[in-house]
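Using our numbering, read the sequence shown as starting at 1 and increasing by one per residue. Just so you know, even glycine gets a beta-carbon here, dropped at the ideal spot from N, CA and C. Below: one structure, written as structure tokens.
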Amino acid sequence: NVFFESVSKLIWKVNTFMKTLTINIKSLILMKTLTINIKSLILMKTLTININD
């Protein structure tokens, strides 16, 4: 019984850790996408300014 409890606790900890990891990876990807979008926006603005001049 004690063994089973410790195993289930361990599994729960691993699951929680995996979830946190997944969330972190997703937010990292989101940040990268955001950065890329912002960079392309800035590039577009620069291009537009150049064309207007």
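- In its chain, beyond the 5 residues on either side, no residue has a beta carbon closer than 6 Å to the beta carbon of K9.
- Distance between N1 and M18, taken at the CA atoms: about 26 Å.
- The alpha-carbon separation between T20 and L30 amounts to approximately 15 Å.
- Following the DSSP letters along the chain, one finds N50 inside the alpha helix (DSSP H) bounded by residues V2 to N52.
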